[in-house]
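Colleague: Could you have a look at this structure, given as C-alpha cells, before my questions?
There are 2 protein chains.
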Amino acid sequence: MKNSNLDRLFNPKSIAMVGASATPFKWGSIIPLNILKGNYRGKFFPVNPGIDRVLGHECYPTVMDIPETVDVALVSTPAKTVPGIVKQCGEKGIPFLVIISANFSETGPRGAALEAQVLETARQHGIRLVGPNTMGIYSSRSDLHALMPPTMPLKGPVSMFSQSGNVGVQMLAWGMDEGVGFNKFVSSGNEGDLNSADYLQYFANDEDTRVILAYMEGLGPGLDLFPAVQAASLQKPVLLFKGGRTDAGGKAAASHSGTIAGSNRIFKAAMHQAGVIEIHTSQALMDCAKAFSNCPLPRGNRVGILTRGGGWGVITSDSCEESGMEVPPLPDVLIKKIDKLLPSYWSRGNPVDMVAAISNDPFLECLEILTGWDGVDAVIALGATRATAKFPFSEDVTKPPEVMRAIEKYLKFRRTISAQPDAILTGIKRLADTTEKPIVAVSIGPDHLHRATLQDYQVVSYPTPERAVRAIAHMVNYASFKKTARFY
Amino acid sequence: MKNSNLDRLFNPKSIAMVGASATPFKWGSIIPLNILKGNYRGKFFPVNPGIDRVLGHECYPTVMDIPETVDVALVSTPAKTVPGIVKQCGEKGIPFLVIISANFSETGPRGAALEAQVLETARQHGIRLVGPNTMGIYSSRSDLHALMPPTMPLKGPVSMFSQSGNVGVQMLAWGMDEGVGFNKFVSSGNEGDLNSADYLQYFANDEDTRVILAYMEGLGPGLDLFPAVQAASLQKPVLLFKGGRTDAGGKAAASHSGTIAGSNRIFKAAMHQAGVIEIHTSQALMDCAKAFSNCPLPRGNRVGILTRGGGWGVITSDSCEESGMEVPPLPDVLIKKIDKLLPSYWSRGNPVDMVAAISNDPFLECLEILTGWDGVDAVIALGATRATAKFPFSEDVTKPPEVMRAIEKYLKFRRTISAQPDAILTGIKRLADTTEKPIVAVSIGPDHLHRATLQDYQVVSYPTPERAVRAIAHMVNYASFKKTARFY
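Have a look at this one:
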C-alpha cells in the first residue's frame with residue numbers, strides 16, 4: 000500500500016492555474032472564478048503566456064516565472080501540451096498537479112500513450128497527479144473550490160472521491176438541499192496516478208473526515224482496493240456506490256470512464272468482507288451520508304417506533320423487518336407508563352401509536368420512555384414535525400363571517416402547533432445525546448423542512464419511513480461489522 | 000360481486016353532519032369547517048339538539064327535522080348513540096352514512112357487537128355505510144372535503160381508497176408537494192359495510208378516475224378482492240401498497256385496523272395474476288401515481304437515456320437492467336445523426352452522453368432523435384432542467400472589482416440557462432405527445448422544482464434516476480399485463 004500524504008493537495012498554501020484565460024465561459028476562466036468567488040484562503044497564480052491579468056491577478060507566462068512556492072498546479076490546456084507543462088512544474092518543484100484536461104486514456108490507445116508520457120514525466124520529478132480528465136477538487140478548510148462547476152457545498156464531515164466528476168459534484172450540490180456538508184472532494188478522473196485506494200487511505204486517516212463516500216465504476220489495472228478499504232472501514236464508515244453492476248451499466252461505464260467493471264459478484268463479496276457499506280441508489284448515498292454523519296451508531300438491530308397514525312406504524316414495521324431489523328414487543332412496565340400519557344385506545348405495543356389527538360400532545364414524553372427503554376437500539380419518530388400544518392388551509396374565496404372567524408381561530412391554533420416542532424426537535428436532540436441512540440424523525444414534507452430540521456436542531460429527518468429505515472439498517476450493519484472486526 | 004353505485008356518496012347534493020358542534024377543536028366543528036372552507040358545492044345541514052347555529056348554518060335537532068332531501072349524513076357522535084342515529088337516517092331516507100365515530104370492531108368483541116347492530120339497522124333501511132372509524136371522504140368535482148384533517152388536495156385524475164385514514168390523507172397532502180392531483184378519496188375505516196372491493200369497482204367504472212391507488216392492511220371476513228381487482232386492472236392501473244407484509248407489520252396492523260393480514264405470499268400471487276401493480280414503498284406509491292396519471296404507457300421495455308454526464312448514464316443503465324428493462328445499443332444511422340450535433344468525444348451509444356458543454360446545448364435535438372427512434376419505448380432525460388443553476392453562486396464577501404464583474408457576467412449567463420428549461424420542457428411535452436412515448440425528466444433538486452415541471456409543463460420529473468426507472472418499470476409491467484390480458 001502506498002502511503003500518500005495528500006495534505007498539501009487538499010490544503011495548499013498556493014495554487015497555480017495553467018491555461019488560465021481572461022475570456023469568460025472557458026474552463027480556464029471559470030475555474031479561477033470558482034476559486035476566487037469561494038474566497039480561497041491561499042495564494043492564486045494564473046499562468047498563460049501573452050495574458051497580463053486574470054480576474055485582477057497578475058498572470059505568469061509559465062509556472063517557472065511564479066516568484067513563490069506553489070503547492071498545487073491545475074492544468075486545463077490541450078492534452079498534447081500537458082507533458083511539457085508537467086516537466087516545467089517538475090522544475091518548479093510543484094508536488095501536486097490536478098489535470099483537468101481530457102483526451103487521454105479515456106479516448107483510446109493514442110490518448111493512453113500520451114497519458115503514459117505524462118505519468119512518466121511526473122514520476123521523474125516526484126509529482127503526484129489527480130486525473131487526468133478530472134473535474135477538480137474541493138476542500139472546506141481552505142475554502143478551495145477548484146472545480147469546473149460553480150458548486151459551493153455546505154461544510155461538514157463527509158469526504159468523497161468519485162470516478163464520475165458529474166456524480167461527485169452533483170452530490171455536493173444535492174447536499175445543499177439536504178443539509179449534508181462536505182469536508183473534501185476529489186473527482187478522480189482517469190486515476191492515471193493517484194487512485195481510489197490512495198484517496199480512501201488518506202480520508203481514512205484524515206481527522207476532519209468522519210464519513211467517506213465513494214462512487215466507483217471499476218478498478219484500474221493493478222489497483223487492489225481491498226487493503227485500503229478494510230483499513231478504512233475499521234476507522235470510519237465507507238459508503239460505496241458502485242456503477243456498472245449490470246451488463247447495461249458496465250457497457251455505459253466502458254464508454255464513460257474507460258474502466259472495466261469486472262465481476263460484480265466477486266467485487267461485492269470482497270467489499271462486504273472488508274466492511275464496506277454498499278449503497279444501491281443515489282438517494283440512499285445521500286440519505287446514509289446524512290445519517291452516518293449526524294447519528295451515533297446503534298448498538299443492535301432493535302427499533303422502537305413512535306407514530307401518530309397506525310398505518311404509518313405498519314409501513315415502518317414492515318420496512319424494518321424487511322431490512323433485517325426487529326420491532327420488539329413493549330414490556331408491561333413501559334405499557335403502564337405510557338398508559339398514563341395516552342387515551343385508553345392507544346396501540347399498547349410497539350409501534351407506539353399515539354392515535355390522533357388534537358390538542359394534548361405527549362409526543363416527547365412518549366419518545367423519552369421509548370428511547371430510554373434498553374430493549375431498543377434506535378428509534379423512529381413519525382410525525383415529529385407535524386409538517387401538515389404547512390399546507391394551504393383554505394381556498395381564496397370569501398366566506399360567511401362565522402366561517403371566516405372559525406378559520407382565523409384554526410389558523411391561530413396552527414401557528415401554535417407549527418411552533419411545537421421547536422420543543423419536539425430540541426427534545427429529540429437532547430434524548431439522542433443522553434441515550435447515545437440514533438433517533439430519526441420522519442415527516443412527509445418538502446426538502447427544505449428536512450434541511451431545517453438538520454441544520455437548526457441537528458436532528459436527522461426524512462420524508463418517508465422507508466428512507467429512515469434504510470439509513471438505520473445500514474448503520475446497524477456497519478456497527479455489527481465493527482463489533483465483529485475488533486476480534487480479528 | 001355487489002354492484003354499488005356510489006355517485007350520490009361522492010357527489011352529494013346535500014350533506015348532514017350529525018354531532019355538529021359550535022365548540023372549536025372538536026371533530027364536530029372541524030369537519031364542518033373543512034367542508035365549508037373548501038366551498039362544498041351542495042347544501043350543508045348541521046345536526047345537534049340544543050344548538051341553534053353552526054358556522055352560520057341553522058342546526059337541526061335530528062336529521063328528521065331537515066326540511067330537504069339529504070344524500071349523505073356524516074356521523075361523529077359517541078359509538079353507543081350511532082344505532083339510534085342510523086335508524087333516524089333510515090326514516091329520513093338518507094342513502095349513505097359516513098361514520099367517523101370510532102370504538103367499534105377495531106376495539107374488540109363489545110365494539111364488534113355494536114358495529115353489527117349498526118349494520119343490521121342500516122340494512123333494514125337500505126343504507127350503505129362508509130366506516131365506522133373512517134377519517135372521511137373527498138371529492139374534487141363537488142369540492143367536498145368531508146375529512147378530519149384540513150387537507151386541501153390538488154385536483155386530478157387519481158382516486159384512492161385507504162384502510163388507514165392517516166396514510167390516505169397524508170398521500171393527499173403529499174400530492175400537493177409533488178403536483179399529483181386527486182379525484183376521489185375514501186378512508187374505508189373498519190369496512191363494516193362498503194369495503195375495498197366496492198370502492199375499487201366504483202373507481203374502475205368512474206370516468207373521472209384514471210389511476211387507482213390503494214392502501215390495504217388485510218381483508219375482512221368474506222371479502223374476495225380478486226374479481227374486483229381483475230376487472231379494474233383491465234380498465235385502468237391499480238397501484239396497491241400493502242401494509243402487514245411481515246410479522247412485525249402484521250402485528251402492528253392487527254392492533255391498528257384489526258385486520259388479519261393472512262398469507263402474504265398467496266395474496267401477492269393472486270394480486271399479481273389479477274394485474275395489480277404492487278408497490279413496496281410510500282415514495283413509490285406517490286412516484287407511480289405521478290407517472291401513471293401523466294404519461295402514456297410504454298409499448299415495450301426498451302429505454303433510451305440522454306445524459307449530460309457519463310456517471311449518471313451508468314447509474315441509470317444499471318437501474319434499468321436491474322428493473323427488467325433493456326438499454327438497447329444505438330444503430331449507426333442514429334449515431335451519424337447525433338455526430339452532427341455533438342463534439343466528437345460524445346459516447347456514441349445509448350446512454351447518449353452529451354458530455355459537458357458550456358454554451359451550445361443541443362439537448363432537445365438529441366432528445367428528438369432518441370425519442371423518434373423506433374428502437375426505444377421510453378426515454379429518460381437526465382439533466383433536463385439544469386437544476387444546478389438554482390444554487391447560491393458566491394459567498395457574501397466583497398471581492399476585487401474584476402472578480403465582481405466576472406460574477407455579474409456569469410450570473411447573467413445563469414439567468415439565460417435557467418430560462419432554457421422552458422424551451423426544453425415545452426419540447427419534451429411536444430415530443431411525448433407526438434411519439435406517444437413516456438419521456439421522464441430527472442434533475443437533482445428540491446420538490447418544488449419537480450412540482451413546477453409537472454404543473455407548468457405537464458412533464459413528469461424526479462430528483463433521482465432510480466425513481467424515474469422504477470416508475471417506468473411499473474408502467475412497462477402494467478402495459479405488458481394489458482397486452483396479454485386482451486387474449487384471455
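Chains A and B are the protein sequences, given in the same order.
Just so we're aligned, residue 0 is where the first sequence starts under numbering that gives the first Met the number 0, counting upward by one.
Just so we're aligned, residue 0 is where the second sequence starts under numbering that gives the first Met the number 0, counting upward by one.
Ideal Cβ positions, reconstructed from N, Cα and C, are used throughout, including at glycine.
At what residues does the alpha helix (DSSP H) containing V313(A) begin and finish?
Modeller: Mapped onto the first sequence, residue 313(A) falls at position 314. Where V313(A) is concerned, the enclosing alpha helix (DSSP H) stretches over G309 to E321.
Colleague: Distance cutoff 7 Å, beta carbons only. Does F392(B) sit that close to anything in chain A?
Modeller: Against the second sequence, residue 392(B) aligns to sequence position 393. Chain A, which has a Cβ nearer than 7 Å to the Cβ of F392(B), makes this yes.
Colleague: Can you name the start and end residues of the alpha helix (DSSP H) that Y201(A) belongs to?
Modeller: In the first sequence, residue 201(A) corresponds to position 202, counting from 1. From DSSP, the alpha helix (DSSP H) with Y201(A) extends over S195 to N204.
Colleague: From which residue to which residue does the beta strand (DSSP E) around F44(A) run?
Modeller: To locate residue 44(A), count along the first sequence from 1; it is residue 45. It spans K42 to V46 - the beta strand (DSSP E) in which F44(A) sits, taken as one unbroken run.
Colleague: Quick one: what's got a C-beta closer than 8 Å to I34(A)'s C-beta in the same chain, skipping five residues either side?
Modeller: Position 35 of the first sequence holds residue 34(A). Contacts found: I14, M16, F43, L143, H144 and A145.
Colleague: Taking all protein chains shown into account, decide if S292(B) is buried (16 or more other Cβ within 10 angstroms of its Cβ) or exposed.
Modeller: What you label residue 292(B) is simply residue 293 of the second sequence in a count that begins at 1. Result: buried.
Colleague: Given that a residue counts as buried once 16 or more other Cβ atoms are within 10 Å of its Cβ, and exposed if not, what is D176(A)?
Modeller: Residue mapping note: residue 176(A) aligns to position 177 of the first sequence, counting from 1. Result: buried.
Colleague: Tell me the rounded alpha-carbon separation between K339(B) and Q169(B).
Modeller: Here residue 339(B) is taken as the residue at index 340 of the second sequence, counted from 1. Here residue 169(B) is taken as the residue at index 170 of the second sequence, counted from 1. Approximately 49 Å, taken between the alpha carbons.
Colleague: Just by C-beta distance, which residues in the segment 262-290 of chain A are closer than 7 Å to chain B?
Modeller: Hits within the stretch, in order: T280, S281 and Q282.
Colleague: To the nearest angstrom, report how far apart A467(B) and I443(B) are at their CA atoms.
Modeller: Working through the second sequence from its first residue, we reach residue 467(B) at position 468. Working through the second sequence from its first residue, we reach residue 443(B) at position 444. Answer to the nearest angstrom: the Cα atoms are 12 Å apart.
Colleague: Is S75(B) close to chain A? Criterion is C-beta to C-beta, closer than 7 Å.
Modeller: Working through the second sequence from its first residue, we reach residue 75(B) at position 76. It does not: the Cβ of S75(B) has no partner Cβ on chain A nearer than 7 Å.
Colleague: Against chain A, which members of the segment 11-44 of chain B pass a CB distance test of less than 9 Å?
Modeller: Listed by position, the residues of the segment 11-44 of chain B near chain A (Cβ gap below 9 Å) are P23, F24, K25, W26, S28, I29, P31, L32, L35, K36, G37 and N38.
Colleague: So who's on the other strand from L96(B), going by DSSP bridges?
Modeller: By one-based count along the second sequence, residue 96(B) stands at place 97. L96(B) pairs with A72(B) and L128(B).
Colleague: Please classify Y477(A) as buried or exposed, where buried requires at least 16 neighbouring CB atoms within 10 angstroms.
Modeller: Position 478 of the first sequence, counted from the first residue, corresponds to residue 477(A). So Y477(A) counts as buried.
Colleague: Cα separation between D70(B) and R127(B)?
Modeller: Within the second sequence, residue 70(B) is the residue found at index 71, counting from 1. Within the second sequence, residue 127(B) is the residue found at index 128, counting from 1. Their Cα atoms are separated by approximately 11 Å.
Colleague: Anything in the segment 455-471 of chain A with a Cβ closer than 9 Å to a Cβ of chain B? List those residues in chain order, please.
Modeller: Cβ contacts with chain B: P462, T463, P464, E465 and R466.
Colleague: Quick one: list the residues of chain B neighbouring S316(A), beta-carbon separation under 8 Å, in chain order.
Modeller: Stepping through the first sequence from its first residue, residue 316(A) is reached at position 317. Neighbours of S316(A) on chain B, chain order: T245, A247, G248, K250 and A251.
Colleague: Check the Cβ of Y490(B) against every Cβ in chain A and list those closer than 7 Å, keeping chain order.
Modeller: Nothing can be reported for residue 490(B), as the shown portion of chain B is limited to 0 through 487.
Colleague: Going along chain A in order, which residues have a C-beta closer than 8 Å to the C-beta of G55(B)?
Modeller: The residue given as residue 55(B) occupies position 56 in the second sequence. Ordered by position in chain A, the residues that pass the 8 Å Cβ test against G55(B) are P399, P400, E401 and V402.
Colleague: Do L509(A) and M324(A) have their C-beta atoms within less than 7 Å of each other?
Modeller: Look at the range of chain A in this structure, 0 to 487, and you will see that residue 509(A) is not part of it.
Colleague: Hey, C134(A) and M147(A) are a contact pair by Cβ (cut 8 Å); roughly how many whole angstroms apart?
Modeller: Looking up residue 134(A) in the first sequence gives position 135. Looking up residue 147(A) in the first sequence gives position 148. One detail in the question is off: residue 134(A) reads as Met in this sequence, not Cys. The pair is a contact, with the Cβ atoms about 5 Å apart (cut-off 8 Å).
Colleague: Would you decide whether Q272(A) is buried or exposed? Buried here means 16 or more other CB atoms lie within 10 Å of its CB.
Modeller: The sequence position of residue 272(A) within the first sequence is 273, counting from 1. Exposed, by the Cβ-count rule.
Colleague: Under 7 Å between the Cβ atoms of V210(A) and V157(A)?
Modeller: Within the first sequence, the letter at position 211 stands for residue 210(A). Within the first sequence, the letter at position 158 stands for residue 157(A). For V210(A) and V157(A), yes; Cβs fall inside 7 Å.
Colleague: Does any C-beta atom of chain A lie closer than 7 Å to the C-beta of S163(B)?
Modeller: Counting from one through the second sequence, the residue named residue 163(B) turns up at place 164. Closer than 7 Å to some Cβ of chain A, the Cβ of S163(B) qualifies, so yes.
Colleague: Can you tell which of G308(A), H279(A) and D455(A) has its C-alpha closest to the C-alpha of G504(A)?
Modeller: Only positions 0 to 487 of chain A appear in the structure, and residue 504(A) is not among them; the question remains open.
Colleague: Following the continuous alpha helix (DSSP H) through M474(A), name the residue where it begins and the one where it ends.
Modeller: Locating residue 474(A) in the first sequence gives position 475, counting from the first residue. It spans P464 to A484 - the alpha helix (DSSP H) in which M474(A) sits, taken as one unbroken run.
Colleague: Distance check for C88(B) and G18(B), CA to CA, integer angstroms please.
Modeller: Here the question's residue 18(B) lines up with position 19 in the second sequence. Here the question's residue 88(B) lines up with position 89 in the second sequence. Answer to the nearest angstrom: the Cα atoms are 13 Å apart.
Colleague: For L410(A), which residues of its own chain have a beta-carbon under 7 Å away from its beta-carbon, when the five flanking residues on both sides are left out?
Modeller: Position 411 of the first sequence, counted from the start, is the residue given in the question as residue 410(A). Hits under 7 Å: F392.
Colleague: Is it right to say Y201(A) is buried, meaning 16 or more other beta carbons lie within 10 angstroms of its own, or is it exposed?
Modeller: Here residue 201(A) refers to the residue found at position 202 of the first sequence. Y201(A) comes out buried.
Colleague: Distance, Cα to Cα, V475(B) vs T306(B)?
Modeller: Numbered from 1 along the second sequence, position 476 holds the residue referred to as residue 475(B). Numbered from 1 along the second sequence, position 307 holds the residue referred to as residue 306(B). Straight-line Cα distance between these residues: approximately 21 Å.
Colleague: Which residues of chain A have a Cβ atom closer than 8 Å to the Cβ of S254(B), listed in chain order?
Modeller: Taking the first residue of the second sequence as 1, we reach residue 254(B) at position 255. Those are G309, S346, R347, G348 and D352, listed as they occur along chain A.
Colleague: Buried or exposed: which applies to V396(A), given that a residue is buried once 16 or more other Cβ atoms fall within 10 Å of its Cβ?
Modeller: On the first sequence, position 397 is the one that residue 396(A) refers to. It is exposed - the Cβ of V396(A) has fewer than 16 other Cβ atoms within 10 Å.
Colleague: Thinking F9(A) and K154(A) are a contact (beta carbons under 8 Å), I'd like their distance in whole angstroms, please.
Modeller: For the purposes of this step, residue 9(A) is taken as the residue at position 10 of the first sequence. For the purposes of this step, residue 154(A) is taken as the residue at position 155 of the first sequence. That pair is no contact at about 14 Å.
Colleague: In the DSSP assignment, what are the bridge partners of S187(B)?
Modeller: Counting from 1 along the second sequence, the entry for residue 187(B) is found at position 188. S187(B) pairs with nothing; no bridge assigned.
Colleague: Would you say G242(A) touches the ligand SAM, meaning its beta carbon is less than 6 Å from a heavy atom?
Modeller: Ligands displayed in this structure: none; no statement on the ligand SAM is therefore possible.
Colleague: What residues match up with V237(B) in a beta bridge as DSSP calls it?
Modeller: For this step, residue 237(B) is matched to residue 238 along the second sequence. Partner(s): I211(B).
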